[in-house]
Every structure is written in C-alpha cells, then in structure tokens.
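Here the structure is laid out as structure tokens; the discussion comes afterwards.
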Amino acid sequence: MKTSFYLGDMWNEMAREHKPELGFKNAGLPFDEWRGTALRKLMDLLGPMPEPACLDPVVESTEDLGDVERRRVILTTDRYTKLPCYVIVPKRREGRAPAILCSHGHGPFGKDSVAGIRTTPEREADIAGSNYDFGMQMAREGFVTLAPDLRGFGERRDPYDPIPNRDLCNVNFIKGALFGVYPMTLNIFDFMRCIDYLETMDEVDPDRIGMMGLSQGGTMTCFTTAVEPRIKACDIIGYVNPFADFAVRDGNFCGSQIVPGLYRYLDTFDVAGLIAPRPCLLEMGENDDCFSFDYLKHGYEETKKIYEAAGAGDLLWTDVHPGGHAYSGRKAPEFFKKFL
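Going by this note's numbering, the sequence shown opens with residue -8, and the numbers climb by one from there.
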C-alpha cells in the first residue's frame, strides 16, 4: 500500500483492495439466498420512495407518423412532480402489444432523441451520433414504447442555475442527500409509475413489459429492472462496468447514477446479476469512447457468472458491435420479440 497527499490516490488504493461485502463472488452464497439478501440491501440503500399520487394522465397532443402514433403524455407521479413523456404506439398490431420503457442518457434533449424528435439540425446530430431514436425504432418493430425525461434532464432541467458551470446531477444529489432522498431512487420510482400507466393502456399487454436504455439510461435500466419484477426483459446499452474502473479511477459518473454506500456492498455487475433469471441483453461497443470496451467486457464476464449460478446462462445475451457509445440495433428487436 502506498501513501500520498492526494484523495485521488487514496480512492484508487481503496478500490484496488476493495471487495464489496455482498458481491456475488465474495458472499459465498447459493444464488437464491444471495439474491434475496443483496436485493434487500439494494432496496435499503435506495432509501424511501415518494408516496404515489393519482397519475391523472393528460394526452396533450398526438402525431400521426404513418405506421405509428406519437403521443405527448403528462403524468403526475407524486405530490410534487409532473412527468413529461412520449408514448409511441404502432398502428398495426394484433390485440394488446408488448411495451418497452426507453431511457435516455446524458445530453441536451432528454427523451426527445429517444422518441425520434428531429426538429433541428442539433437534434438530428444527437440521434445520428448514438443511433439514439431506439424508442421510435422499437415502436416500428411492433412495441408500444414510452420515453420519459429523467429528473434534471430535458423539460425537467431546472431553469435556474445559481452557481454556473457545476454538474447539476451532482448538485441535485447533494441537495437530496440533505433529505436522504436520491435522484437515482426518484428516477426508478418514476419508471415504476410509467409501468403503472402502461398497465392502464388498452393497447398494452401488462404482462409483457421490457426496458432499455443507453449510458445513464443503461444505468437506469440495470437498477430499475433489478428491483422491479414487472419488467420481464431488458437491454442494457453501454453500461455494466466495474466501479473501480469507470467511477473511482476515471471519475466518469455523477450523482444521478449512485446512492450512498452502494459500492461497499455491490458492484454494477452484481446489480445486473439481480435481474437473473430474467432475460437480459448487454450491448458493448468495441470503440466506445465513454465506457471502455475492456470495462464493459469485464462487467459482462462477472454478470455471466451470476447468470450461470442462477441456471440462466442462456438468458444473458450480448451484442458486441464495432460502434461506439451507441445503440447497435442488431439484436434488440430479435431479443424482445423472443422474450416479450
């Protein structure tokens, strides 16, 4: 162990030695016992969720786009909060269709890119850079898709910035920490309320709901699916990299993607392992310039061990593609059609 003046060196040394207390490979428990223990701890770390309010859904507008209909919907999730989203409904369907929650990541346009809003050159470029309109793409594959704004993004970004040039994810994390309430937990809660809404829709089969997301959206897909059993299958795009690498060593994370004490008990691949035995697709770009492919590969390998311990190794799919930090689109349609 080396000593240093610097906090950064201390964190790296701690991470090098660290073994999460409830990590699957450290706990030494059979899968079912481990999953129950680890899931209870994760729910404890996430802390309290708001009291649900009446959804009071308002369909503000509807666009006919030929093969699909895109609706702008406002939901009330809790006593303080309105949630804007796009719901895209395929016109050709037999009976009730499966549905997919679609989560955006960091970026200036929130849900709009995922829902295929192309009203400016900047939005076009955002979609093109990450093949980002997977909400629209999956609707055209026959799924009802719902894309909300995460808290602090898109239409939910605070209009005031009292101290400019600070990361608002971190500012909101610190504000929440004063109350013991965290942005990740609030976003998971919002996705649960989105499922509540999907279950009311005549077009949706409530027993066939999945989730997918890129980058921070991959974080949200991983954690929401781990704790929400109504999600039957998920596609985690460009996420599941070990905390020691992307978070501690690189500092490439923010307050919207953690809760206090998380790494003491679990790594990202442990959270992904909690999804087992439900089907999960991990997308990894060989030229990802945000989360290194080596990190993603390591995360997949550890997740695979957990899936195999659950007797569900064949339900963990991968899409290793030559692109960057982006949605591949090569396997997701097949994956969701098979498992939803």
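We put the CB at the ideal spot given by N, CA and C, even for glycine.
Excluding the five sequence neighbours on either side, which residues of its own chain have a C-beta within less than 7 Å of the C-beta of residue i, listed in chain order?
i	result
residue 284	275, 276, 277
residue 267	297, 298, 301, 303
residue -5	1
residue 53	60, 62
residue 69	41, 42, 43, 44
residue 322	272, 308, 310
residue 245	158, 160, 161
residue 46	66, 67, 184, 187, 188
residue 176	37, 38, 40, 250
residue 195	87, 88, 90, 135, 189
Which residues mark the beginning and the end of the alpha helix (DSSP H) in which residue i is found?
i	result
residue -2	-2 to 8
residue 254	253 to 256
residue 146	Residue 146 -> no alpha helix (DSSP H), and no H or E assigned at all.
residue 259	259 to 264
residue 324	323 to 330
Would you mind reading off the limits of the beta strand (DSSP E) that contains residue i?
i	result
residue 162	It is not in any beta strand (DSSP E) - residue 162 instead sits in the alpha helix (DSSP H) that spans 159 to 170.
To the nearest whole angstrom, what separates the beta carbons of residue i and residue j, a pair I think is in contact under 8 Å?
i	j	result
residue 90	residue 135	4 Å
residue 333	residue 309	Residue 333 lies beyond the range of the chain shown here (-8 to 331); nothing can be said about it.
residue 233	residue 260	7 Å
residue 174	residue 142	6 Å
residue 137	residue 318	In fact, because the Cβ distance is near 17 Å, the residues do not count as touching under 8 Å.
residue 227	residue 212	5 Å
residue 231	residue 287	7 Å
residue 34	residue 218	6 Å
residue 122	residue 320	6 Å
residue 257	residue 11	5 Å
residue 237	residue 282	6 Å
Looking only at DSSP bridge pairs, what is residue i linked to?
i	result
residue 276	312
residue 245	BP columns for residue 245 are empty, so no partner.
residue 281	In DSSP, residue 281 forms no bridge with anything.
Taking Cβ positions only, does residue i come closer than 9 Å to chain C?
i	result
residue -4	Going by chain labels, chain C is absent from the structure shown, which holds only one protein chain.
So, for residue i: in the same chain, excluding its five sequence neighbours on each side, which residues have a beta-carbon less than 6 Å away from its beta-carbon?
i	result
residue 315	276, 278, 279, 280
residue 36	250, 252, 253
residue 197	190
residue 6	235, 239
residue 97	207
residue 313	277
residue 32	13, 256
Take residue i and list the residues in its own chain whose beta-carbon comes closer than 8 Å to its own, dropping the five residues that flank it on each side.
i	result
residue 59	79, 80, 81, 82, 127, 130, 131
residue 145	75, 95, 100, 101, 102, 103
residue 73	65, 66, 67
residue 152	159
residue 181	68, 72, 74, 139, 141, 142
Say the cut is 8 Å; is the CB of residue i nearer than that to a heavy atom of the ligand FAD?
i	result
residue 80	Among the ligands in the structure shown, none appear at all, so the ligand FAD cannot be discussed.
Runs of alpha helix (DSSP H) lying entirely within the segment 80 to 139, each at least 4 residues, in chain order: 102 to 105, 112 to 121, 125 to 130
Minimum length 4: unbroken alpha helix (DSSP H) runs contained in the segment 284 to 313: 284 to 300
Contained alpha helix (DSSP H) runs [length at least 4] in the segment 2 to 86, N- to C-terminal order: 15 to 18, 22 to 37
In chain order, each beta strand (DSSP E) run of at least 3 residues that lies wholly inside the segment 169 to 239: 195 to 205, 222 to 228
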